[in-house]
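In the working numbering, the protein residues as written are 9 to 279.
Okay, so here's the structure we're looking at.
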Amino acid sequence: MFKDITLGQYYQTDSLLHRLDPRVKIVGTLVYIISLFVVDTFAGYFVCLLFLAAMICLSNVPVGYIVRGMRAILILLLITMSFNLFLTPGEVLVRIGFLKITREGLIFSLKMAIRLSLLVIGSSLMTLTTTPNQLTDAIESLLNPLKRFRVPVHEIAMMMSIALRFIPILMEETDKIMKAQIARGADFESKNLIKKMKSLVPLLVPLFISAFRRANDLAMAMEARCYRGGVGRTKMKPLIYEGRDQAAYMLLVAYFAICVLLRFLRLPFLI
9 MFKDITLGQY
19 YQTDSLLHRL
29 DPRVKIVGTL
39 VYIISLFVVD
49 TFAGYFVCLL
59 FLAAMICLSN
69 VPVGYIVRGM
79 RAILILLLIT
89 MSFNLFLTPG
99 EVLVRIGFLK
109 ITREGLIFSL
119 KMAIRLSLLV
129 IGSSLMTLTT
139 TPNQLTDAIE
149 SLLNPLKRFR
159 VPVHEIAMMM
169 SIALRFIPIL
179 MEETDKIMKA
189 QIARGADFES
199 KNLIKKMKSL
209 VPLLVPLFIS
219 AFRRANDLAM
229 AMEARCYRGG
239 VGRTKMKPLI
249 YEGRDQAAYM
259 LLVAYFAICV
269 LLRFLRLPFL
279 I
């Protein structure tokens with residue numbers, strides 16, 4: 009289960025998306041997430057899906073590897089769909105006891121499921137094609153204007169990058185601890201909620217200890233390398249925009265314009 013989480017992992021390969029400036033990929037991810045909330049029709053979501061499919065093709069990352077990350081949010085996806093399916097008022101289609109499925113609830117739950125799925129896959133694609141060092145440099149560069157207000161931009165960028173990098177590490181650590189506890193007789197498959205809550209205690213305690221140990225080791229390693237923040241630091245590979253990055257920005261503008269048009273052009277055949 010925990011190996012299915014792709015957010016925060018980097019897939020090493022050579023592709024056009026890998027070679028793009030990381031600032032373009034961060035801005036593109038933000039634009040894509042906003043576009044998912046701008047469109048509100050299935051036609052709009054189809055455009056978002058086509059755009060994401062094109063980016064996946066340009067990334068050379070296997071589709072199965074990307075979609076595998078959806079297993080980790082399957083329960084959240086089902087809960088979200090269930091709430092919207094049964095609690096949205098409207099024209100009743102099916103009634104099951106005190107529960108009822110409405111036409112509006114069915115449409116809204118499908119839209120929410122599509123939106124959440126595309127959001128997770130789109131966000132994962134950014135981390136799969138961008139190294140943690142590139143993410144740090146890009147976030148620092150994008151937040152650079154905030155330095156005028158004495159905001160510690162470099163430290164914020166470093167923390168965000170480390171947090172993303174530690175997601176797959178902690179998930180892998182959780183998987184190892186869970187397998188060790190199962191070998192000692194722990195039961196994580198019990199359907200009793202109270203027993204399941206109690207079985208998490210021997211899992212969470214060593215996980216927190218391991219996380220604090222890793223954080224301490226990282227802090228000591230940074231101090232041993234005389235890390236003192238971003239003041240006066242230089243970069244071995246400074247970020248420079250190239251022609252393909254400018255073309256990518258133009259593509260993002262065109263994509264977002266289409267999404268806005270689909271939002272405000274109320275055509276009768278768009279649901």
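Note that the Cβ used here is the ideal one computed from N, Cα and C, for glycine as well.
In the DSSP assignment, find the alpha helix (DSSP H) that holds LYS108 and state where it starts and stops. That residue, LYS108, is in no alpha helix (DSSP H); its beta strand (DSSP E) goes 107-110.
Helix or strand or just coil, what does DSSP make of VAL4? Absent from the model: residue 4. The displayed extent of the chain is 9 to 279, so no value can be given.
Give the straight-line distance between the Cα atoms of TYR292 and LEU28, rounded to the nearest whole angstrom. The first residue shown for the chain is 9 and the last is 279, placing residue 292 beyond what the model contains.
Using 8 Å as the cut-off, can you tell me whether the segment 97-112 makes contact with the segment 69-77, which would need three or more C-beta pairs spanning the two stretches below that distance? no
Cα-Cα separation between PHE174 and ASN224, rounded to whole angstroms: Cα-Cα distance, rounded: 13 Å.
Have a look at THR135 and LEU127 and give me their C-alpha separation to the nearest angstrom. 13 Å
Assuming SER23 and LEU66 are in contact, meaning their beta carbons sit under 8 Å apart, how far apart are those beta carbons, in whole angstroms? 6 Å
Within 10 Å of its beta-carbon, does PRO246 have 16 or more other beta-carbons around it, so buried, or fewer, so exposed? exposed
Please classify PRO153 as buried or exposed, where buried requires at least 16 other C-beta atoms within 10 Å of its C-beta. exposed
With a Cβ-Cβ cutoff of 7 Å, do GLU181 and SER218 count as a contact? The answer is yes: Cβ separation under 7 Å.
Run the CB neighbour count on CYS234, radius 10 Å, all protein chains shown included, and call it buried at 16 or more, exposed below. So CYS234 counts as exposed.
Let me make sure I understand the geometry here. Which of PRO214, PHE216, LEU215, ALA194 has the alpha-carbon closest to that of LYS206? ALA194
Based on the DSSP output, what are the partners of VAL100 in its beta bridges? THR110
CYS267 to ILE41, Cα distance in whole Å? 12 Å
Look at the alpha carbon of PHE157 and the alpha carbon of ASP145, and state the distance between them as a whole number of angstroms. 19 Å
7 Å CB neighbourhood of LEU269 in its chain, flanking five on each side removed: none
Identify which residue in LEU38, PHE264, TYR257 has its Cα closest to the Cα of ILE147. LEU38
Distance CB(LEU84)-CB(GLY113) smaller than 7 Å: no
Work out the CA separation of SER125 and PHE45 for me, nearest whole Å. 13 Å
Under the rule that 16 or more other beta-carbon atoms within 10 Å means buried, what is GLN142, buried or exposed? buried
Inter-residue spacing [alpha-carbon to alpha-carbon] between PRO210 and MET167: 28 Å
Going along the chain, which residues of its own chain have a beta-carbon closer than 7 Å to the beta-carbon of MET120, five neighbours each way excluded? THR88, MET89, ASN92
Given a threshold of 16 other Cβ atoms within 10 Å of its Cβ, counted over all protein chains shown, does ARG251 qualify as buried or as exposed? A quick correction: the sequence has Gly, not Arg, at residue 251. So GLY251 ends up on the exposed side.
Can you give me the start and stop residues for the alpha helix (DSSP H) that LYS184 sits inside? Its alpha helix (DSSP H) spans residues 161-191.
Skipping 5 residues on each side, what residues in its chain have a beta carbon closer than 8 Å to that of ARG123? LEU44, PHE45, TYR53
Distance check for ALA51 and LEU212, CA to CA, integer angstroms please. In this structure, the CA atom of LEU212 is about 44 Å from the CA atom of ALA51.
Are the CB atoms of VAL35 and ARG271 within a distance shorter than 7 Å? no
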